[in-house]
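Just so you know, the protein sequences line up as chains A and B, in that order.
Numbered according to numbering that gives the first Met the number 0, the first sequence spans residues 0 to 84.
Numbered according to numbering that gives the first Met the number 0, the second sequence spans residues 0 to 400.
Even for Gly, the Cβ is constructed at its ideal location relative to N, Cα and C.
Keep in mind it's a predicted model, so treat the numbers as computed, not measured.
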Amino acid sequence: MKVLIPGALRSYTKAREVEASGATLAALLADLDRRYPGLRFRMIDEQDGIRPHVRFFVNGEQALDLARPLRPGDALYIVQALSGG
Amino acid sequence: MARTTKKPAARTRRPTASAKRARRSPPARDVLVLVATRKGAFLYRGDAGRRRWRTDGPHFLGHVINHLVLDPRDGGTLLAAAKTGHLGPTIFRSTDRGRSWKEAARPPAFPKAPEGETGRVVDHTFWLTPGHPSEPNAWYAGTSPHGLFRSEDGGVTWQPIAGLNDNPQYREWMGGPQDGTPDGPKLHSIIVDPRDCAHLYLGMSSGGVHESRDGGRSWTPIVRGLEVVEGFDAANLAFHDPHCVRLCPSNPDRLYQQNHCGIYRLDRPSSEWLRIGKSMLKRVGDVGFPMVVHPRDSDTAWVFPMDGTTVWPRTSPGGVPGIHATRNGGETWQRLAAGLPEGQAWWTVKRQAMTADSRDPVGLYFGTTSGELWMSRDEGKRWSCIARHLPEIYAVEAAEA
């Protein structure tokens, strides 16, 4: 599945777009972390909460739950809600 | 022969104070000043004379770096406590003094809460302390909200210390994320007794000062003698706000503390702090963030007072910055400001942002909230600016190599 990586996380992937797989958003993020160690914890806290300024969009629709099912042809966009100064 | 023509006077001249000092002290080594800022980390490499400084940085541009610490046990490992405004916290680690960095495999994080319960989340790591020399890979980290963590592999993986983090009484004193300082509660001033790796001290803003004699499994408050904001009950530890606690390397039974409510000294085995800031000038007061101790003289310490009146501007009092030093354990204080701005300087110095090297005379360093790095080569008598126009400085550490 195609995953679009925001600029702040490209130090991990070295690419704007990467491939990862998983039947749910949680599984896909686990796969991303296997490929790019440390990436998940910058987006998901230790209680499995999505961090305040991180947003996930599956096929253009916001996913608020890590249990959100995914299909092989889906596209995941990871977006940072830029804020602060 | 040249050897026999030497004038006798040259051999019999009494050694000068500086010559005596030179004989006492090891050869001068280069100084490395580690600066953590709101927008990245900077390393300043000074020569042996501490006169020329080479800038190395920024590292992690855009990251909030709360603390950058060199391991004195190996002289090469650096840990940086980092996060950004948009990403979660992490620890970066270098084993070659900042030439390359690698992220911790498991940064400090609270355990996952059981289903249906609300768990705690580390917002950022605030404080880093290398462990005892007998435990070469041990490190401690203090976080916001309050959490104490330990690494046994040089900072690669971190485990929570349940003896503090999960103690119900301590949980009550710690409060929640809304308590503590404006930027969140801070667990700081983690101190390892140089004589005993299991004897630890720490401070919680707010939550008081505590010690453990069993490596962190159990903790005892040490707050007797400390004042709290007027009208509040000093018996409730939640009202205690130690800003910075330091142990004297030359006398590990003596600690100094800059508190929200004054400057204090503690001489063990007593557990009662003595307020030594009352002898500061009344118009300056004894409120501040940092506390620095002399590496070889436990009667000498330095503070940077700030304005703690009205709404707590937290700036230099009257816009006139000045370090204050005691040479007698806090009986008297002397203002040391030669070279510093004489007015309209509305910055302050945060609790990790002032430090000393171990040279003779001691070099002092501080970083300001307005992004200036200042140093003194003579224990505070004269100050000069190493760098300007940096981001807001959160921490300054000095190391030697």
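Please state whether DSSP places residue i in a helix, a strand or coil.
i        : result
A:TYR35  : coil
B:SER211 : strand
B:PRO135 : coil
A:GLN46  : coil
B:THR83  : coil
B:MET173 : helix
B:ASP55  : strand
B:PRO304 : strand
B:ALA397 : strand
B:ALA47  : coil
A:ALA66  : coil
B:LYS349 : coil
B:ALA35  : strand
B:LYS101 : strand
A:GLY6   : helix
B:ILE392 : strand
B:LYS277 : helix
B:ALA324 : strand
B:GLY318 : helix
A:ASP30  : helix
Give the straight-line distance between the Cα atoms of residue i and residue j, rounded to the nearest whole angstrom.
i        : j        : result
A:ARG54  : A:ALA25  : 14 Å
A:GLU16  : A:PRO51  : 23 Å
B:GLU341 : B:TRP311 : 21 Å
B:VAL120 : A:ASP44  : 6 Å
B:ALA21  : B:ALA47  : Unreliable placement is indicated for B:ALA21, whose pLDDT of 46 sits below 50; the coordinate value is still reported in the next sentence. One C-alpha to the other measures close to 13 Å.
B:HIS239 : B:PRO360 : 35 Å
A:MET42  : B:GLY87  : 6 Å
B:TYR139 : B:HIS123 : 14 Å
B:TRP100 : B:GLY75  : 12 Å
B:ILE189 : B:VAL283 : 28 Å
B:MET305 : B:ALA81  : 27 Å
B:PRO106 : B:GLY130 : 17 Å
B:TYR263 : B:PRO316 : 20 Å
B:GLU151 : B:LEU69  : 16 Å
B:ARG170 : B:TYR43  : 39 Å
B:TRP218 : B:HIS209 : 6 Å
B:GLU116 : A:GLY48  : 13 Å
B:SER205 : B:LEU389 : 29 Å
Give me the residue from the options with the minimum Cα distance to residue i.
i        : options                                   : result
B:TRP373 : B:GLY130, B:PRO167, B:HIS259 and B:ARG50  : B:ARG50
B:VAL348 : B:HIS323, B:SER297 and B:ASN327           : B:HIS323
B:GLU371 : B:ARG28, B:THR36 and B:ASP29              : B:THR36
B:GLY61  : B:VAL228, B:SER278, B:GLY84 and B:PRO71   : B:GLY84
A:PHE40  : B:ARG92, B:PRO113, B:PRO135 and B:ALA104  : B:ALA104
A:SER10  : B:PHE59, B:GLY162, B:ASP29 and B:LYS38    : B:PHE59
B:SER93  : B:GLY321, B:LEU78 and B:PRO106            : B:LEU78
A:ILE77  : A:LEU69, A:PHE56, A:ASP47 and A:GLN46     : A:PHE56
B:ILE90  : B:VAL63, B:GLU114, B:ASP73 and B:VAL228   : B:VAL63
B:ILE221 : B:TYR255, B:ILE160, B:VAL228 and B:PRO167 : B:TYR255
A:LEU3   : A:ALA22, A:PRO36, A:GLY37 and A:GLY59     : A:GLY59
B:LEU236 : B:GLY214, B:GLY202 and B:GLU378           : B:GLY202
B:GLY39  : B:LEU265, B:PRO241, B:THR368 and B:GLY56  : B:GLY56
B:SER269 : B:GLY224, B:CYS243 and B:ARG149           : B:GLY224
B:PRO135 : B:CYS196, B:LYS277 and B:VAL34            : B:CYS196
B:PRO289 : B:GLY153, B:THR354, B:GLY45 and B:LEU127  : B:THR354
B:VAL291 : B:GLU396, B:GLY141, B:ASN65 and B:ARG313  : B:GLU396
B:LYS281 : B:THR308, B:GLU102, B:SER297 and B:ASN258 : B:THR308
Can you name the start and end residues of the alpha helix (DSSP H) that residue i belongs to?
i        : result
B:GLY162 : 161-164
A:THR12  : 9-12
Which chain B residues sit within Cβ distance under 7 Å of residue i?
i       : result
A:PHE56 : Within chain B, no residue comes near A:PHE56; the closest Cβ sits about 16 Å away, beyond 7 Å.
A:ARG33 : Going along chain B, no residue has its Cβ under 7 Å from A:ARG33, so there is no contact; the nearest lies around 12 Å.
A:GLN79 : HIS85
A:ALA7  : THR83, HIS85 and LEU86
Since residue i meets chain B, which of its residues come closer than 8 Å, beta carbon to beta carbon?
i       : result
A:ALA26 : Within 8 Å Cβ-Cβ: nothing; A:ALA26 doesn't reach chain B, min ~17 Å.
A:GLY48 : VAL120
Which residues in chain A have a C-beta closer than 9 Å to the C-beta of residue i? List them in chain order.
i        : result
B:TRP32  : The question names Trp, but residue 32 of chain B in the sequence shown is Val. By Cβ distance, chain A contributes nothing, its closest Cβ being about 26 Å from B:VAL32, past 9 Å.
B:LYS111 : GLU45, GLN46 and ASP47
B:THR89  : GLY37, PHE40 and ARG41
Just to confirm the assignment, what range does the beta strand (DSSP E) spanning residue i have?
i        : result
A:LEU3   : 1-3
A:ALA62  : 60-62
A:GLU16  : 16-18
A:ALA74  : 74-79
B:ALA197 : Careful: B:ALA197 lies outside any beta strand (DSSP E) and carries neither H nor E.
B:ILE221 : No beta strand (DSSP E) contains B:ILE221, which DSSP labels as neither H nor E.
For a contact meaning CB atoms closer than 8 Å, what does residue i contact in chain A?
i        : result
B:GLU102 : PRO36 and GLY37
B:ALA108 : PHE40, ASP44 and GLU45
Report yes if the C-beta of residue i is less than 7 Å from at least one heavy atom of the ligand NAD; otherwise report no.
i        : result
B:TYR255 : Ligands in the displayed structure: none, and consequently the ligand NAD is not present.
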